[in-house]
Structures are given as structure tokens and as C-alpha cells.
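For the sequence shown, position 649 (counting from the first letter as 1) is numbered 649 according to this note's numbering, and the numbering increases by one without interruption.
For glycine and all other residues, C-beta sits at the position ideal for the given N, C-alpha and C.
Input: a single structure, listed below in C-alpha cells.
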Amino acid sequence: MTNIAAPGLGSGLDVNGIVSQLVAVEQQPAAQRLDRREANLQARLSAFGVLKSAISSFQGSLGALSDPTLFQAKTAQSDTPTVASVSASNAAAEGSFALTVTQLAAAHSLVSDPALPAAQFTSSADVVGTGSLAFNFGTTTYDPGTDAYTAFVQNPDQGAQTVQIIDGSLSGIRDAVNAADIGVSASLVFDGSNERLVFTSTNSGAANSLQISVTDDDGDNDDSSGLSLFSFNATSNNLLQTQDAQDAQATLNGIAVTSASNSLSENLDGVTVNLLATGSSTLTVSKSGSTISTNINTFVEQYNNLVKTINDLSAFDPNTGVSGTLNGDGVLRTLDGQFRRILSNQVPGAPDGFSILADIGITRNAQDGTLVVDSTKLGAAINTNADAVTGLFAAFGTAADSLVDVTASTTSTVGGRYGINITQLATQGQVVGGSAATLTITAGVDDALTLSVDGTQTTVTLAAGTYTATSLVAELQSKINADSVLQDAALGVKASESGGVLTLISNSFGLASIVSIDGGTAAAGLFGVTPVATDGVDIAGTIGGLAATGSGQKLTGSGDASGLEITVNGGLLGDRGVIDFARGYADQLGSVLTDILGSNGVFSSVTDGLNAQIQDISGDREALARRITSLEARLRKQFGALDVLVSNLNATSSFLTSQLAALPTIGGNNR
Numbered sequence: 001m002t003n004i005a006a007p008g009l010g011s012g013l014d015v016n017g018i019v020s021q022l023v024a025v026e027q028q029p030a031a032q033r034l035d036r037r038e039a040n041l042q043a044r045l046s047a048f049g050v051l052k053s054a055i056s057s058f059q060g061s062l063g064a065l066s067d068p069t070l071f072q073a074k075t076a077q078s079d080t081p082t083v084a085s086v087s088a089s090n091a092a093a094e095g096s097f098a099l100t101v102t103q104l105a106a107a108h109s110l111v112s113d114p115a116l117p118a119a120q121f122t123s124s125a126d127v128v129g130t131g132s133l134a135f136n137f138g139t140t141t142y143d144p145g146t147d148a149y150t151a152f153v154q155n156p157d158q159g160a161q162t163v164q165i166i167d168g169s170l171s172g173i174r175d176a177v178n179a180a181d182i183g184v185s186a187s188l189v190f191d192g193s194n195e196r197l198v199f200t201s202t203n204s205g206a207a208n209s210l211q212i213s214v215t216d217d218d219g220d221n222d223d224s225s226g227l228s229l230f231s232f233n234a235t236s237n238n239l240l241q242t243q244d245a246q247d248a249q250a251t252l253n254g255i256a257v258t259s260a261s262n263s264l265s266e267n268l269d270g271v272t273v274n275l276l277a278t279g280s281s282t283l284t285v286s287k288s289g290s291t292i293s294t295n296i297n298t299f300v301e302q303y304n305n306l307v308k309t310i311n312d313l314s315a316f317d318p319n320t321g322v323s324g325t326l327n328g329d330g331v332l333r334t335l336d337g338q339f340r341r342i343l344s345n346q347v348p349g350a351p352d353g354f355s356i357l358a359d360i361g362i363t364r365n366a367q368d369g370t371l372v373v374d375s376t377k378l379g380a381a382i383n384t385n386a387d388a389v390t391g392l393f394a395a396f397g398t399a400a401d402s403l404v405d406v407t408a409s410t411t412s413t414v415g416g417r418y419g420i421n422i423t424q425l426a427t428q429g430q431v432v433g434g435s436a437a438t439l440t441i442t443a444g445v446d447d448a449l450t451l452s453v454d455g456t457q458t459t460v461t462l463a464a465g466t467y468t469a470t471s472l473v474a475e476l477q478s479k480i481n482a483d484s485v486l487q488d489a490a491l492g493v494k495a496s497e498s499g500g501v502l503t504l505i506s507n508s509f510g511l512a513s514i515v516s517i518d519g520g521t522a523a524a525g526l527f528g529v530t531p532v533a534t535d536g537v538d539i540a541g542t543i544g545g546l547a548a549t550g551s552g553q554k555l556t557g558s559g560d561a562s563g564l565e566i567t568v569n570g571g572l573l574g575d576r577g578v579i580d581f582a583r584g585y586a587d588q589l590g591s592v593l594t595d596i597l598g599s600n601g602v603f604s605s606v607t608d609g610l611n612a613q614i615q616d617i618s619g620d621r622e623a624l625a626r627r628i629t630s631l632e633a634r635l636r637k638q639f640g641a642l643d644v645l646v647s648n649l650n651a652t653s654s655f656l657t658s659q660l661a662a663l664p665t666i667g668g669n670n671r
């Protein structure tokens with residue numbers, strides 16, 4: 001009988017090989033499908049990363065075009081840089097200015113006088129005396145030739161400063177003054193024979209000269225010993241003047257100008273002139289067209305890089321049949337269409353002739369969608385009307401009224417023309433005395449005034465003395481504006497007088513602008529029994545025919561003008577002309593790209609979706625592994641049973657063979 005046999009364990013059957021091959025046949029196609037699917041998702045995820053990077057780079061180029069002030073950039077030059085240097089802000093007017101400098105500003109400087117026996121110091125450790133030094137800043141009438149000190153007028157913008165002298169040595173006095181940081185520097189100079197103490201005003205200018213009064217612990221404040229050696233006033237002037245306080249003097253286009261410093265910053269709007277020496281120079285201010293052109297060309301370059309990225313990702317080659325990773329992707333088509341639509345539309349509110357990119361020489365290449373710049377036409381547009389070019393890119397408004405400034409807008413502000421009508425101008429809070437002020441202030445008797453400015457209360461102490469109405473105004477304003485409580489709150493006042501009656505006006509505008517006299521020993525003498533306070537009011541009016549919200553001098557629109565903020569710097573009531581407001585391409589694109597790239601934007605949504613699908617594939621792989629494990633176990637069980645069956649059949653075959661062999665053969669011998 002023929003054996004039922006195969007190479008294997010019991011039966012000779014190769015169970016491991018058969019099961020492995022069957023499992024591989026089942027597993028490989030499914031695993032390959034998952035691999036291809038994951039590779040496709042990873043490629044799409046990477047492609048969207050490339051696209052996002054290109055959009056982010058494009059977004060970065062918008063900053064320089066979204067800020068309207070950057071379009072107003074000016075350059076300034078001095079043809080004699082040894083006489084003056086010059087810089088210009090965006091607000092500067094273009095033109096040339098003839099400058100002649102006849103005097104530079106200088107800071108007041110005083111030095112101890114070794115002609116006084118007590119001032120013949122040989123060491124910085126020499127003891128002088130203790131007490132206090134009171135520094136006032138103002139205009140001094142002093143003749144160093146005759147040593148005649150005849151007058152001093154307090155600077156109303158600077159209050160008196162007192163320094164306590166505890167260490168009475170020369171170095172101790174120097175260190176105490178410097179540590180006080182009051183606008184005076186102190187130093188020691190050895191002249192070969194004597195140590196000399198030098199006081200110098202930190203600020204230059206005729207109105208910043210020093211008056212020094214002494215409270216000497218030796219009991220005599222005006223002698224020539226002790227701390228009194230450093231007095232410099234009408235009563236006692238023991239110091240020598242080495243440099244008088246003086247203003248810079250110059251002419252601009254023949255007009256005489258002065259400045260407390262060697263910087264002329266208030267004479268030409270937006271122009272700062274730094275005076276370096278006496279002499280003449282021609283100053284030239286011109287528009288920085290190159291900066292604007294560079295920023296626009298950068299914008300075009302980054303947009304073209306974005307277009308190239310989009311084209312590469314969406315490409316299809318009919319010859320090879322190869323497609324870009326995002327070919328046919330709906331998100332890519334939507335973004336591309338959105339960008340093209342914005343740059344193809346007119347800018348609402350932009351003036352005629354400056355409402356589309358082609359007006360300034362930027363056109364689209366019909367073949368690949370990139371932008372092309374005509375540099376000549378762009379330069380001409382910038383030189384002709386920089387404001388119009390600004391409105392083509394930035395959120396920018398211009399007012400017909402020179403006293404009206406467009407100061408802010410939001411993404412809700414619609415481009416267009418808006419009429420302005422003012423029904424109420426903003427005012428400043430003030431308090432006016434009920435009677436003429438007392439001109440004599442006595443220390444500890446009637447020198448303290450408690451007042452509130454815009455809701456912040458403080459108490460100031462006036463210097464004792466007999467004043468004129470003008471000098472009292474200067475003293476009052478300087479003490480109030482030097483008060484640390486008000487300075488910390490960025491508050492201040494302007495003091496004035498009329499017929500001896502004092503007035504304090506808050507520096508701010510609007511309903512919050514309030515000045516009140518709250519008490520103090522000086523209140524009645526300065527402002528009478530019944531001072532009259534008038535609170536400020538906010539501006540009121542309409543923008544574009546709709547009621548606007550006023551706050552101080554600022555008026556904010558509603559409706560289409562929502563978020564449009566203007567500042568009205570005085571003028572008349574009624575119609576104040578129009579505002580042309582444009583939301584340019586860079587501003588529009590900036591808003592769109594912020595949304596696209598934001599945490600709730602399309603990229604976040606797409607990448608979250610792709611990552612979720614990739615995560616699902618991991619789950620599918622785990623499910624496949626479980627299914628294959630189960631299949632392998634089932635096959636092994638089945639082939640194991642087959643192995644046993646074949647083994648048993650082989651055993652039966654062998655038995656039968658042996659039994660049959662033992663039977664007598666047919667036709668054999670019979671005994």
C-alpha cells in the first residue's frame with residue numbers, strides 16, 4: 001500500500017511555511033494600502049506646511065505697507081555737517097532751509113572761589129559744613145565783571161529742589177547732589193593749588209540757570225564760611241560763574257529762532273536740527289521714495305513666491321501625468337482665488353487714478369499669475385501723490401480740514417468718503433480764582449495748597465517770598481507740574497493770571513478734565529473764598545451723517561465708519577469737510593491672512609484633519625495586526641489538525657501495509 005507522506009513534524013507537513021505564506025498573502029496588500037494612504041496624507045501635510053510658510057513670508061511683507069506712516073518717510077541732509085546735522089520724521093514738509101548759527105546753547109556752571117579763605121580746599125575730604133542746598137532754575141541777571149546779581153525769574157516748568165547735606169566734606173557734598181538727581185551735576189576739579197567744587201545745570205538754556213540758597217547749620221546762611229560758601233543768589237553770591245546759561249541762537253530762512261538746547265525741534269514741523277558749531281548750512285528735506293519703492297517691491301516679490309508655490313503644488317504635466325501634491329485641492333483653489341480677487345478689485349475710498357495696482361505700474365502676468373512692476377511708473381506715482389499710494393496699500397484716511405487728524409481705524413471701518421460735522425468742541429477743565437491772589441507767601445503760614453487734577457489729589461508747598469503776579473504764576477505752575485503724584489499719573493496744568501486773578505487749566509481735554517481747589521493754608525490767599533471751577537466736556541458731532549462717540553478731542557464713528565477715529569484740534573463748529581478713508585490691499589490681505597493663519601483658521605482645520613486621518617491609520621494598522629494574529633492562530637489550528645490527521649493516516653497506512661504483507665499470496669504453497 002502506498003504511504004501518505006509529506007515532509008513535516010509528525011506528518012511531514014510544513015505547517016509553518018504554509019501558514020506564513022497564507023498570512024503574508026492576506027497581510028501585505030492591506031498593509032501596502034495603509035502605507036500608500038499614510039504617505040499621501042503625510043505628503044499633503046508637508047505640502048500645506050510649505051504653503052503656510054509661503055503665506056507667512058508674504059504676510060511679513062505686508063507690515064511695511066500696512067502702516068501709513070511708513071509711506072511718509074522723509075530724508076534730510078545738511079550740506080555743512082560740521083555746522084549742523086538734521087533728521088526728519090514722516091511729518092516733515094519737503095523743502096530747503098537756510099540755517100545760520102550765531103550762538104550755541106550752554107549750561108550754567110558755577111565753581112567755588114579760592115579767593116575766599118574758607119574755600120581754599122586742599123583735599124576732597126576737607127570739611128565744609130552741613131545743612132541744605134536749595135536749587136532753583138530760571139533766568140538770572142548777573143554781571144560776572146562786577147559780580148552784580150540783580151534779578152532771578154523762576155522757570156515755571158521746573159520746581160525748586162532741596163538737597164540735605166549730612167556729610168559736610170567736599171566729596172560728601174558732591175555725592176549728595178549727584179545722588180539727588182535733581183538736574184544738577186556736581187564735580188571736583190583740582191586746579192593745581194585747590195580742590196574746587198563745580199555745579200553745572202543738567203539742562204542748557206538761559207531759563208535753566210542756577211540760583212542756590214543755603215540753610216547752614218552754623219546759623220548764618222549768607223556769610224563766607226561753612227555751607228554758605230556755595231550760595232549764589234541776590235543776597236549772597238560766593239561762587240564764580242564759569243559759564244553763563246545761554247540759548248542757542250540761529251536763523252532759519254532769515255527768521256530768528258532760539259532754543260534752550262542745541263537741538264531745534266520745534267521750529268520746523270517734523271525736523272530736528274542738531275547745532276554743532278557757529279556758521280551756515282543749507283538743510284534739505286525730501287521724500288524717501290526709495291523706501292516706499294523698496295517696500296512695494298518686497299511685497300511683489302513675496303507675493304510672486306507665494307504664487308510660484310501655489311503653482312508648483314497644484315501643477316499637472318499632461319505629458320508625464322505627474323500631478324502636484326495639492327492638485328485639485330479645494331482649499332488651495334479657494335485661497336488662490338481669494339488672493340487674486342483682492343488684488344484685482346478696486347480699493348474702496350481710494351482716489352481716482354490710484355484705485356488699482358495698474359495705476360501705479362503693477363500688472364499681472366497672464367501666464368503664471370505673478371505680478372510685474374513698472375519701476376518708472378511706480379516711481380512717478382510715489383513722487384506725484386504719496387498719500388494716494390499709501391491709501392492703495394494701507395488703511396489710511398486724509399482730512400480736508402488741517403485741524404482734523406485721522407488717528408485710528410478698525411477692520412470694521414468701510415472705505416469711503418465721510419462728512420464731518422462738529423456740534424461741540426472738547427474743552428479743558430479749569431478753576432479761576434474768586435479774587436486777586438495774595439502776592440506774599442509765608443513759610444508754614446500760607447504756603448500749602450491742596451488741589452485735584454483730573455481726579456488725582458495732591459498738596460504742594462510754595463516757596464516763601466514776595467512775588468509779582470507773573471512770578472507767582474511761574475512758582476505755582478512749576479510746583480504743581482513737578483509734583484511726583486501728578487507726574488506719576490501723567491497729569492499737569494497751565495497756570496495764568498489776569499488782573500491778578502489766577503487760573504489753572506488741566507492739560508487734558510474732555511469730561512475727565514477737572515481742576516479743583518480742595519484746601520490748604522494757601523487756598524484762600526491764592527484763589528479767594530469762592531473759586532469758580534468749570535469741568536471739561538467731550539467733543540460731539542457726526543461722521544458720515546451718523547452720531548459719533550466723543551472722548552476728549554477724539555470722535556469715533558458708527559455704521560460704515562465704525563472704528564474710524566479722528567482727533568479735532570480746535571476750530572469751528574459745523575461742517576468740517578470730509579475724510580477720504582481707504583482700506584488698501586496690504587490692510588485687506590493682512591486681515592485675511594491673520595484669519596487664515598490663526599488658531600481657528602483654515603490651516604489649523606486642514607492640518608488637524610490630516611493628522612486625525614494619520615492617527616486613524618495607526619488604528620487601522622492595529623486592527624489589521626489583530627486580524628492577522630487571529631488568522632494565523634486559526635490557520636495553525638487548522639493545519640495542526642491536518643498534521644495530526646495525516647500522521648494518523650500514515651500510521652494506518654503502515655499498519656495495513658504490514659498486515660497485507662503477512663497474508664498468503666494468491667497461488668502460493670498451502671501446507
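For Ile-505, the uninterrupted beta strand (DSSP E) segment begins and ends at 501 to 506. A straight line joining the alpha-carbon of Gly-324 with that of Ala-315 spans about 5 Å. Across the structure, Ala-134 and Asn-90 are spaced so that their CA atoms are roughly 43 Å apart.
Pairing Val-153 with Ser-209, the inter-Cα distance amounts to about 10 Å. Classified as buried, Val-460 has 16 or more neighbouring CB atoms from the shown chains inside 10 Å of its CB. Around Gln-27, the same chain offers Leu-624 and Ile-628 as residues with beta carbons nearer than 8 Å, after the five sequence neighbours per side are excluded.
In this structure, the beta-carbon distance from Leu-526 to Ala-443 does not fall below 8 Å. Here Gln-553 is buried. Its C-beta has 16 or more other C-beta atoms within 10 Å. Fewer than three beta-carbon pairs drawn from the region 55 to 71 and the region 259 to 270 are found closer than 8 Å, and the two stretches are therefore not classed as touching. Between His-108 and Ala-245, the C-beta gap is smaller than 8 Å, which places the two residues in contact. Distance from Leu-502 to Leu-476 at the Cβ level is roughly 7 Å; contact confirmed, criterion being Cβ atoms closer than 8 Å. With a threshold of 16 other beta carbon atoms within 10 Å, Glu-94 falls short and is exposed. By the neighbour-count criterion, in which 16 or more other beta carbons inside 10 Å mark a residue as buried, Pro-531 falls on the buried side.
Per DSSP, reduced to three states, the secondary structure at Ser-286 is strand. Within the same chain, and ignoring the five residues on either side of Val-189 in sequence, the residues whose Cβ sits closer than 7 Å to its Cβ are Arg-196 and Val-198. Per DSSP, Ala-91 is not a residue of any beta strand (DSSP E), being assigned neither H nor E.
The Cβ atoms of Ser-225 and Ile-212 do not sit closer than 8 Å to each other. If you ignore the 5 residues before and after Asp-374, its C-beta comes within less than 7 Å of the C-beta of Gly-361, all in its own chain and listed in chain order.
By the Cβ neighbour-count rule, Gln-164 is exposed, with fewer than 16 other Cβ atoms within 10 Å of its own. Distances from the alpha-carbon of Ser-551 to those of Ala-394, Val-568, Arg-583 and Gly-559 put Val-568 closest. The C-alpha of Asn-421 is placed about 17 Å away from the C-alpha of Gly-563. The C-beta distance from Pro-348 to Gly-455 rounds to 42 Å, too long to meet the 8 Å contact threshold. Looking at the DSSP output, Arg-196 sits in a beta bridge with Val-189. If the five residues before and after Gln-424 are omitted, its C-beta is found closer than 8 Å to the C-beta atoms of Val-537, Asp-538, Ile-539, Ala-540, Gly-541, Gly-550 and Leu-573, all from its own chain and listed in chain order.
The residue from Ser-56, Ala-582 and Ala-633 with its alpha-carbon nearest to that of Tyr-303 is Ser-56. Excluding the 5 residues flanking it on each side, Asp-113 has same chain C-beta neighbours closer than 7 Å at Ala-119, Asn-238, Leu-239 and Leu-240, in chain order. In this chain, the alpha helix (DSSP H) harbouring Glu-622 covers 602 to 662. Shown here, Gln-211 sits in a strand according to DSSP, grouped into three states. Exclusion of the five residues before and after Gly-528 leaves Gly-433, Gly-434 and Ser-435 as the residues of its chain whose Cβ lies within less than 6 Å of its Cβ. For the region 501 to 586, the full-length beta strand (DSSP E) segments reaching 3 residues or more read 501 to 506, 515 to 519, 532 to 534, 540 to 543, 549 to 551, 554 to 556, 565 to 568 and 574 to 583 along the chain. Three or more Cβ pairs drawn from the region 351 to 359 and the region 383 to 398 lie within less than 8 Å of each other, which places the two stretches in contact.
If you draw a 10 Å sphere on the C-beta of Arg-44, you find 16 or more other C-beta atoms in it, and that means buried. As summarised for the region 465 to 498, the continuous alpha helix (DSSP H) elements at least 4 residues long and confined to that stretch are 469 to 481 and 484 to 488, given in chain order. Leu-240: member of the beta strand (DSSP E) spanning 239 to 243, first to last residue. With a beta-carbon spacing of about 6 Å, Ile-342 and Leu-589 fall inside the 8 Å limit used to define contacts. The beta carbons of Ser-78 and Val-86 sit closer together than 8 Å.
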